[in-house]
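Colleague:
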Amino acid sequence: MGDILRVEKLETHFGTRDGTVRAVDGVSFAIPQGETMGLVGESGCGKSVTALSIMRLIDYPGEIAAGHILFENKDLAELEMDEMRAIRGSDIAMIFQEPMTSLNPVYTVGDQIAEAVELHLGLSHKEAWNRAIEMLDLVRIPSPERRVSDYPHNMSGGMRQRVMIAMALSCNPKLLIADEPTTALDVTIQAQILDLMRDLQSRLKMSILLITHDLGVVAEMCKNVAVMYAGQIVEQADVDTLFRSPQMPYTEGLLKSIPRLGMTQAQKLAVIRGVVPSPLHWPAGCRFMRRCDYAFAKCTQPPPLFNIDGQNARCWLVEGGRRAVSPTPPSSGEAFAPRATDVSVSGSTAEGQA
285 MGDILRVEKL
295 ETHFGTRDGT
305 VRAVDGVSFA
315 IPQGETMGLV
325 GESGCGKSVT
335 ALSIMRLIDY
345 PGEIAAGHIL
355 FENKDLAELE
365 MDEMRAIRGS
375 DIAMIFQEPM
385 TSLNPVYTVG
395 DQIAEAVELH
405 LGLSHKEAWN
415 RAIEMLDLVR
425 IPSPERRVSD
435 YPHNMSGGMR
445 QRVMIAMALS
455 CNPKLLIADE
465 PTTALDVTIQ
475 AQILDLMRDL
485 QSRLKMSILL
495 ITHDLGVVAE
505 MCKNVAVMYA
515 GQIVEQADVD
525 TLFRSPQMPY
535 TEGLLKSIPR
545 LGMTQAQKLA
555 VIRGVVPSPL
565 HWPAGCRFMR
575 RCDYAFAKCT
585 QPPPLFNIDG
595 QNARCWLVEG
605 GRRAVSPTPP
615 SSGEAFAPRA
625 TDVSVSGSTA
635 EGQA
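So the sequence shown is numbered by the working numbering: it starts at 285 and just counts up by one.
#1: Return helix, strand or coil for TYR344, following the three-state DSSP convention.
#2: Considering only C-alpha positions, which residue in the set GLY442, LYS582 and GLY569 is nearest to ASP470?
#3: Reducing DSSP to helix, strand and coil, say where MET490 ends up.
#4: Within the same chain, show all residues whose beta-carbon is closer than 7 Å to that of LEU336, passing over the 5 residues directly before and after it, in chain order.
#5: Helix, strand or coil, according to DSSP, for TYR578 in the structure here?
#6: Ends of the alpha helix (DSSP H) at ASN414?
#7: Hey, how far is the Cα of GLY286 from the Cα of ASP302?
#8: How would you call MET451, buried or exposed, if buried means at least 16 neighbouring beta carbons within 10 angstroms?
#9: Bridge partners of ASP395, per DSSP?
#10: Within 10 angstroms of the Cβ of LYS458, are there 16 or more other Cβ atoms? Answer buried if so, exposed if not.
#11: Going by Cα to Cα distance, which pick from VAL602, ILE495 and VAL291 is closest to VAL641?
#12: For ALA579, collect the residues of the same chain with a Cβ closer than 6 Å to its Cβ; drop the 5 residues on either side in sequence, then sort them by chain order.
#13: Are the region 581-595 and the region 502-513 in contact at 8 Å, needing three or more beta carbon pairs?
#14: Take the Cβ of VAL559 as the centre, count every other Cβ of all protein chains shown within 10 Å, and call the residue buried at 16 or more, exposed below.
#15: Spatial neighbours of THR535 within its chain, please: CB distance less than 6 Å, with the 5 preceding and 5 following residues excluded, ordered by chain position.
#16: Is it a yes or a no for the region 600-609 touching the region 526-534, going by three-plus beta-carbon pairs under 8 Å?
#17: Is it buried or exposed for GLN595, if we count other Cβ within 10 angstroms and need 16 for buried?
#18: Just how far apart, CA to CA, sit TYR513 and ALA416?
#19: Starting from the Cα of ALA349, find the closest Cα among THR334, GLU356, PHE355 and ASN357 and give me that residue.
#20: Whose CA, out of CYS576, ARG575, ASP577 and CYS599, lies closest to the CA of GLN585?
#21: With DSSP collapsed to three states, give me the class of GLY310.
#22: Residues in the same chain with beta-carbon distance under 6 Å from ALA412, minus the five sequence neighbours each way, listed in chain order, please.
#23: State the DSSP-derived secondary structure class of HIS404, mapped to helix, strand or coil.
#24: Run through the region 486-563 for me and flag every whole alpha helix (DSSP H) of 4 or more residues, listed as ranges in chain order.
#25: Measure the alpha-carbon distance for CYS583 versus TRP566 and round it to whole angstroms.
#26: Just how far apart, CA to CA, sit GLU618 and GLU364?
What follows is the structure in structure tokens.
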């Protein structure tokens, strides 16, 4: 099967009084049909702007300055907005980061799902309402016939995220963009949401672009992964290869900062020193150079994306081939430590721990 989405040399800029912010600066990647690709990196690296660019939701003073966004070989960057609206929400859907601010507080969840269905599928209001109930049932919300009339504030965070997924999937999209879909949710609810997304992808045969800063989520969900840093893709590979043999020092640092089960109190997590440079003034050479423990003279020149046996890395260290890397945690089959190891009472939101 071919690629459902190809992003080629995408540049998204924002004009400010201080200059041009090059938030996304030459990003390229592809998502095969029916697969999940992870896009990872720390806050501010350009992940969400990349997603919004694909959806053509960049508002002034932002603009897609260059590049191509090929969805089923149709360049979304060149479409008129009326054509894009027909695709957005229908063929391509997006789950946004915070469900409480993404849902309209003055409409019931049923009305919000039904609105999208009426618009894109041309159903009557009654048919769209029944579709909303069907979608709430699909995302495992109990008593969907009753909950469809609830307002967002009547639901827990996990329930609201399920509603967002139901809305996104209501028109049977071919591509789902999930931007930090488990952020701010309890660990137990996160696991349920990820399990739900895996199940729905298998049943609906859709492709997913999963945007996250959580490498544990990537290990569970994705087949391929691209790592972003300072507006660029700095490494791309299948998940197992990248976790076992990261070639870009930034990726290596991310992996070494993950806690693992079995660590002793004497063991310390690695820390990536320094901060991400300003997108107003990206460094002239390697953008990670000032934070990199392996930096040398050639790093003052911008490195290309080298290909090492199908793994891409933007680093001069791999110019001559694959470099040896010390063991990094964890592969996609290993266990991660819980995010809060000092918590003794656990449970989903509203289970009565307090």
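No residue lacks a Cβ here, since even glycine has one placed at the ideal position from N, Cα and C. Predicted model, so just to flag it, every value in this text is computed and none were measured.
Modeller: Checking against the coordinates, here is how it stands:
#1: Here TYR344 sits in coil by DSSP.
#2: GLY442
#3: coil
#4: ILE342
#5: coil
#6: 409-422
#7: Roughly 42 Å separates the two Cα atoms.
#8: buried
#9: Its beta-bridge partners do not exist; DSSP assigns none.
#10: buried
#11: Beyond the ends of the chain as shown, which are 285 and 638, falls residue 641; an answer cannot be given.
#12: Close CB contacts of ALA579 within its chain, under the 6 Å cut and outside five residues either way in sequence, are with MET573 (chain order).
#13: Short answer: they don't touch.
#14: So VAL559 counts as exposed.
#15: VAL511 and GLU519
#16: yes
#17: buried
#18: Looking at the two C-alpha atoms, the distance is approximately 39 Å.
#19: Looking at the Cα atoms, THR334 is the closest of the given residues.
#20: CYS599
#21: strand
#22: The answer, listed in chain order, is ALA398, VAL401 and GLU402.
#23: helix
#24: 499-505, 523-528 and 533-540
#25: 14 Å
#26: For GLU618, the predicted structure reports a pLDDT of 46, less than 50, and the residue's modelled location is therefore unreliable. A value from the coordinates is still provided. C-alpha separation (whole angstroms): 46 Å.
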